[in-house]
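A.B. asks:
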Amino acid sequence: MPHLSTVVLFGNKINTVESFSFSNCTYLHTIVLSKNNLLSIESSAFHNLNRLSNIFLQDNQLQSFSFDAIASETSKLYLNLSSNALKELNHENTTSLKALNVRTLDLTNNQISVIPDSFFLTVSRCLLHLLLSKNYISNLPLVSLPTLQVLHLSHNNFDIVDPTVFECCSSVQILFLNHNNISYIADSAFVRMERLRILDLSHNKISFLPADVFAQTVLEKLNLSHNNFLHPPSPSLIPVAKTLRHLDLSLNGIENVSAHSFRSMNKLQALNLSSNHISSLHEQSFHDLNHLIKLDVSHNPLQRILKQRPFGSLTSLRSLNLRNTSLLSVSHLSLPQLNILSLKDNFLYNVSQQVFEKSRNVRYLDLSGNLLQDVPMHLWEKIRKLIYLDISNNPIEVLGVNSFIGLEKLQQLDISLLLLKRLDPRTLHGLKFLTTFKTDSYASVRSFRLQDLLSHAFALRKVTVNIEESTLSHQVQRAFGTKLRELVITGSNLQRILPDAFSGLSTHELTIRISGTMVSKFPDGLLRYLPDVRYLTLDLRNNQLTTMGPGVLAAVTRDGEDVHQTQHITGGVLLEGNPWNCSCDLLWLSRWLRRWLRETFHVHMLSVEAALYVNSVSRKATCSIPGMNTSLAIVDLR
3 MPHLSTVVLF
13 GNKINTVESF
23 SFSNCTYLHT
33 IVLSKNNLLS
43 IESSAFHNLN
53 RLSNIFLQDN
63 QLQSFSFDAI
73 ASETSKLYLN
83 LSSNALKELN
93 HENTTSLKAL
103 NVRTLDLTNN
113 QISVIPDSFF
123 LTVSRCLLHL
133 LLSKNYISNL
143 PLVSLPTLQV
153 LHLSHNNFDI
163 VDPTVFECCS
173 SVQILFLNHN
183 NISYIADSAF
193 VRMERLRILD
203 LSHNKISFLP
213 ADVFAQTVLE
223 KLNLSHNNFL
233 HPPSPSLIPV
243 AKTLRHLDLS
253 LNGIENVSAH
263 SFRSMNKLQA
273 LNLSSNHISS
283 LHEQSFHDLN
293 HLIKLDVSHN
303 PLQRILKQRP
313 FGSLTSLRSL
323 NLRNTSLLSV
333 SHLSLPQLNI
343 LSLKDNFLYN
353 VSQQVFEKSR
363 NVRYLDLSGN
373 LLQDVPMHLW
383 EKIRKLIYLD
393 ISNNPIEVLG
403 VNSFIGLEKL
413 QQLDISLLLL
423 KRLDPRTLHG
433 LKFLTTFKTD
443 SYASVRSFRL
453 QDLLSHAFAL
463 RKVTVNIEES
473 TLSHQVQRAF
483 GTKLRELVIT
493 GSNLQRILPD
503 AFSGLSTHEL
513 TIRISGTMVS
523 KFPDGLLRYL
533 PDVRYLTLDL
543 RNNQLTTMGP
553 GVLAAVTRDG
563 EDVHQTQHIT
573 GGVLLEGNPW
583 NCSCDLLWLS
593 RWLRRWLRET
603 FHVHMLSVEA
613 ALYVNSVSRK
623 ATCSIPGMNT
633 SLAIVDLR
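Structure, rendered in structure tokens:
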């Protein structure tokens, strides 16, 4: 087959790739052997393939690998060996005198602890991306990789970073060292990495950084979250003050931010200090950050934060997160560019109108999880540009005609988890641009009908309803207009759904998501009342489903129900996150899913990369074999 360009052998039981397996396939550019039972790849397995650009070998059982397998020149090559059992990287390459054009090498999720110095000799002058995450590596080989730009080393066994670790990789621009055991970083650890722009050191045990540790770099983004810092590492940040744009110090033990913590860092655009132990902020804490756009100080005990007005100098700030900061009140905010403000999960009984006197550009406001007893209608005249409002989880008892008057531009509204006793059906009538809405079913509110509440919400595209009752029957029937594209049903008490629960939905394209419920079985004929929906997606993730009958997904035709058809659910069915039982009762569902992939989604017509992704996603829904600690992908049941 001299003109063969792509070989896809995904999901078979191949255990060996023999020498010269693909000889004379001179036009071959992609080989897919992922998810087989591969134990070995012989020398020259991929021989004389000058156009070869992709080799997919992931999800196999390989314990060793040598570049001898690629015994000829190739095109710019992507080689994926992730999720095998690799322990040995064989350095006895017969092709070692001939450079291979491997640009990306993915060795993620293996059992590698040592990489021989000579292993990379054949690819050292071409390699751009090296992915080594989820292994047991504590050091790197000394061989130079002068072209390497991206290096992933997360989830390994590094505990010390000294100057010798990255001698190989002076050209790296993006380096991930997160989720290791690093407790010590030497002063000159990154001295040779003059092009380093993005560095992730999160999820380690670092409590101190030397003053000049980043001096030779051009860091733009630095992640130090989930470490042991008690103070911001100010001295080590000064050398990169002119280049650093994003800094993440969340989930540390920082107790104080002084006037000198971020001095001279006037190029910083995003700062994350969330989930620390900061109880107060100095009036000059952020004085030099005149280009800061996003600030997150959520999940800190900041009772005194606004009395000292530490945000006064942040004239460019557009996003401020004050979630769960123990605030009892909020004083004047002089932030003329502020677009996004979160005051979620505090102790606010009221919000003064003066808060927004000089912050009138707020478009996203989150007031959920507070102690508001009334809708703060007095604020609306100051923030008329508001497009997102969340007042959920407050002890508000009444919503009336005037509750949202003045918010003509509002597009997204959340009124769930309130203590409503009275809800006027005209409450939303003035919100003609409302596209996203979240509510409870409010069974305790007399005469509450979602159909009446949304009768003037013609622009609605997404609605989330938390069902308080144990049965979904009439609550969402005939409640929505023709522009609805997504309906989300949740409810921890919901156990049963009636077949006609979705009757009256007249939109032509719809995604129905049912999640977070106690529903263990869906009724037959669930789609019988959706005749107008031509492009349907069903998301049934994260419920208590154990089995399902073919009548649930059956298509309604002139001749009755057709349990074999798949094209009426063009977007597919998502099933993961349920305690499915592997049994003969699910064999029909397995066949249906495979048929949907072929007949409706046309997986065979996708690019190789897209097809592999879709096959991976389709196997997320698994069932458990009774009496065994084993799970199988439902789509693979036979």
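Numbered according to the working numbering, the sequence shown spans residues 3 to 640. Positions of the beta carbon are idealized from the N, C-alpha and C atoms, including for glycine.
1. With DSSP as the reference, label residue 224 as helix, strand or coil.
2. Which term fits residue 375, buried or exposed, when burial requires 16 or more other beta carbons within 10 angstroms of its beta carbon?
3. At a cut-off of 8 angstroms, would you count residue 10 as near the ligand ATP, judging by its Cβ distance to the nearest heavy atom?
4. Does the Cβ-Cβ distance between residue 598 and residue 575 come in under 9 angstroms?
5. For residue 398, tell me which candidate among 447, 104, 355 and 356 has the shortest Cα-Cα distance.
6. Between the alpha carbons of residue 96 and residue 134, how many angstroms are there, rounded?
7. Note down the Cα distance separating residue 340 from residue 91, rounded to an integer number of angstroms.
8. Would you list, in sequence order, the uninterrupted beta strand (DSSP E) runs of no fewer than 3 residues that lie entirely inside the segment 332-383?
9. Taking a contact to mean a Cβ-Cβ separation below 9 angstroms, would you say residue 610 touches residue 56 in this structure?
10. Thinking C-beta only, is residue 289 closer than 9 angstroms to residue 254?
11. Excluding the five sequence neighbours on either side, which residues of its own chain have a C-beta within less than 6 angstroms of the C-beta of residue 175, listed in chain order?
12. Does the Cβ of residue 333 have 16 or more other Cβ atoms within 10 Å, making it buried, or fewer, making it exposed?
13. Where residue 209 and residue 188 are concerned, what is the direct C-alpha to C-alpha distance, given to the nearest angstrom?
14. Could you pull the start and end residues of the alpha helix (DSSP H) that residue 611 belongs to?
15. Buried or exposed: where does residue 380 fall if 16 or more other Cβ atoms within 10 Å of its Cβ makes it buried?
16. Is residue 417 closer than 9 angstroms to residue 440 when the C-beta atoms are compared?
17. What is the rounded straight-line gap between the Cα of residue 203 and the Cα of residue 19?
18. If I follow the unbroken beta strand (DSSP E) through residue 541, where does it start and stop?
19. Does residue 632 pass the burial test, meaning 16 or more other C-beta atoms within 10 Å, or should it be called exposed?
20. With burial defined as no fewer than 16 other Cβ atoms inside 10 Å of the residue's Cβ, what is the status of residue 639: buried or exposed?
21. Pull up the CB-CB distance for residue 496 and residue 522, whole angstroms please, since I reckon it's below 8 angstroms.
22. Let me make sure I understand the geometry here. Which of 68, 28 and 323 has the alpha-carbon closest to that of residue 46?
23. Take residue 21 as the anchor and find which of 436, 34, 43 and 12 has the nearest alpha-carbon.
24. Do residue 503 and residue 474 have their C-beta atoms within less than 9 angstroms of each other?
25. Using C-beta distances below 6 angstroms, list every residue in its chain close to residue 260, excluding the 5 sequence neighbours before and after it, in chain order.
26. By the three-class DSSP mapping on this structure, what secondary structure does residue 602 have?
27. Within 10 Å of its beta-carbon, does residue 347 have 16 or more other beta-carbons around it, so buried, or fewer, so exposed?
28. Does the distance from the CB of residue 178 to the CB of residue 153 come in under 9 angstroms?
29. Which residues in the same chain as residue 221 place their Cβ atom closer than 8 angstroms to its Cβ, once the five residues preceding and following it in sequence are excluded?
30. Compute the distance between the beta-carbons of residue 322 and residue 343, then report whether it is under 9 angstroms.
31. Quick one: what's got a C-beta closer than 6 angstroms to residue 98's C-beta in the same chain, skipping five residues either side?
32. Among 25, 40, 41 and 58, which has the Cα closest to the Cα of residue 52?
33. Going by CA-CA distance only, name the one from 526, 183 and 581 that's closest to residue 557.
34. Just to confirm before moving on: does the CB-CB distance between residue 467 and residue 486 stay below 9 angstroms?
35. Exposed or buried, residue 562, counting other C-beta atoms within 10 Å across all chains shown (16 or more means buried)?
36. Checking the sheet assignment: what are the DSSP bridge partners for residue 186?
C.D. replies: In this structure, then:
1. Here residue 224 corresponds to residue number 222 of the sequence shown, with the count starting at 1. Reduced to three states, the DSSP call for residue 224 is strand.
2. Numbered from its first residue, the sequence shown carries residue 375 at position 373. Residue 375 comes out exposed.
3. The model depicted lacks the ligand ATP and carries no ligand whatsoever.
4. Residue 598 sits at position 596 when you count from the first residue of the sequence shown. Residue 575 sits at position 573 when you count from the first residue of the sequence shown. Against a cut-off of 9 angstroms, the Cβ pair of residue 575 and residue 598 comes out as a contact.
5. Start at 1 with the first residue of the sequence shown, and residue 398 comes out as number 396. Taking only the C-alpha atoms, the option nearest residue 398 is 447.
6. On the sequence shown, residue 96 is found 94 positions in, with the first residue counted as 1. On the sequence shown, residue 134 is found 132 positions in, with the first residue counted as 1. Here the model assigns residue 96 a pLDDT of 49, short of 50, so the residue's position is not dependable and the matter cannot be decided.
7. The residue you call residue 340 lines up with position 338 of the sequence shown. The residue you call residue 91 lines up with position 89 of the sequence shown. Between the alpha carbons of residue 340 and residue 91 lies a gap of roughly 53 angstroms.
8. List check, beta strand (DSSP E) in window: 342-344 and 366-368.
9. Stepping through the sequence shown from its first residue, residue 610 is reached at position 608. Stepping through the sequence shown from its first residue, residue 56 is reached at position 54. The Cβ atoms of residue 610 and residue 56 lie closer than 9 angstroms to each other.
10. As a first step, residue 254 must be located in the sequence shown, where it is residue number 252. As a first step, residue 289 must be located in the sequence shown, where it is residue number 287. In this structure, residue 254 keeps its C-beta atom at 9 angstroms or more from the C-beta atom of residue 289.
11. Position 173 of the sequence shown, counted from the first residue, corresponds to residue 175. Excluding sequence neighbours, residue 175 sits near 151, 197 and 199.
12. Against the sequence shown, residue 333 aligns to sequence position 331. Exposure of residue 333 is indicated by the presence of fewer than 16 other C-beta atoms within 10 angstroms of its C-beta.
13. By 1-based counting over the sequence shown, the position of residue 209 is 207. By 1-based counting over the sequence shown, the position of residue 188 is 186. Note on geometry: alpha-carbon atoms of residue 209 and residue 188 lie some 13 angstroms from one another.
14. The residue given as residue 611 occupies position 609 in the sequence shown. Looking at the DSSP string, the run of the alpha helix (DSSP H) that includes residue 611 is 610-620.
15. Here residue 380 is taken as the residue at index 378 of the sequence shown, counted from 1. With fewer than 16 other beta carbons inside 10 angstroms of its own, residue 380 counts as exposed.
16. Start at 1 with the first residue of the sequence shown, and residue 440 comes out as number 438. Start at 1 with the first residue of the sequence shown, and residue 417 comes out as number 415. In contact: residue 440 and residue 417 (Cβ atoms closer than 9 angstroms).
17. As a first step, residue 203 must be located in the sequence shown, where it is residue number 201. As a first step, residue 19 must be located in the sequence shown, where it is residue number 17. Roughly 39 angstroms between the two C-alpha positions.
18. Mapped onto the sequence shown, residue 541 falls at position 539. Where residue 541 is concerned, the enclosing beta strand (DSSP E) stretches over 537-541.
19. Here residue 632 corresponds to residue number 630 of the sequence shown, with the count starting at 1. Around the beta-carbon of residue 632, fewer than 16 other beta-carbon atoms lie within 10 Å, marking it exposed.
20. Numbered from its first residue, the sequence shown carries residue 639 at position 637. It counts as buried.
21. Position 494 of the sequence shown, counted from the start, is the residue given in the question as residue 496. Position 520 of the sequence shown, counted from the start, is the residue given in the question as residue 522. Contact flag wrong, Cβ pair sits at about 11 angstroms.
22. Residue mapping note: residue 46 aligns to position 44 of the sequence shown, counting from 1. The shortest Cα separation from residue 46 among 68, 28 and 323 belongs to 68.
23. If you number the sequence shown from 1, residue 21 lands on position 19. Looking only at 436, 34, 43 and 12, the smallest Cα-Cα distance to residue 21 is reached by 43.
24. Counting from 1 along the sequence shown, the entry for residue 503 is found at position 501. Counting from 1 along the sequence shown, the entry for residue 474 is found at position 472. Yes.
25. Indexing the sequence shown from 1 puts residue 260 at position 258. Within the same chain, Cβ atoms closer than 6 angstroms to the Cβ of residue 260 are found at 284, the five residues on either side in sequence being excluded.
26. Within the sequence shown, numbered from 1, the residue matching residue 602 stands at position 600. Judged by DSSP in its simplified three-state form, residue 602 adopts helix.
27. The sequence position of residue 347 within the sequence shown is 345, counting from 1. It is buried - the Cβ of residue 347 has at least 16 other Cβ atoms within 10 Å.
28. Translated into the one-based positions of the sequence shown, residue 178 becomes position 176. Translated into the one-based positions of the sequence shown, residue 153 becomes position 151. Closer than 9 angstroms, so yes.
29. Sequence index remark: in the sequence shown, residue 221 carries index 219 (1-based). Answer for residue 221: 198, 199, 200, 201, 242, 245 and 246, listed in chain order.
30. Mapped onto the sequence shown, residue 322 falls at position 320. Mapped onto the sequence shown, residue 343 falls at position 341. Yes, these two residues count as a Cβ contact at 9 angstroms.
31. As a position in the sequence shown, residue 98 is number 96, starting the count at 1. Because residue 98 sits at a pLDDT of 46, beneath the cut-off of 50, its placement in the model cannot be relied upon, and the point is left open.
32. One-based indexing of the sequence shown puts residue 52 at position 50. Checked all of 25, 40, 41 and 58; the closest Cα to residue 52 is 25.
33. On the sequence shown, position 555 is the one that residue 557 refers to. Just measuring C-alpha positions, the residue of 526, 183 and 581 sitting nearest residue 557 is 526.
34. Here residue 467 refers to the residue found at position 465 of the sequence shown. Here residue 486 refers to the residue found at position 484 of the sequence shown. Using a Cβ distance threshold of 9 angstroms, residue 467 and residue 486 do not count as a contacting pair.
35. Residue mapping note: residue 562 aligns to position 560 of the sequence shown, counting from 1. Around the C-beta of residue 562, fewer than 16 other C-beta atoms lie within 10 Å, and the residue is accordingly described as exposed.
36. Counted from its first residue, the sequence shown places residue 186 at position 184. Looking at the DSSP assignment, residue 186 forms a beta bridge with 162.
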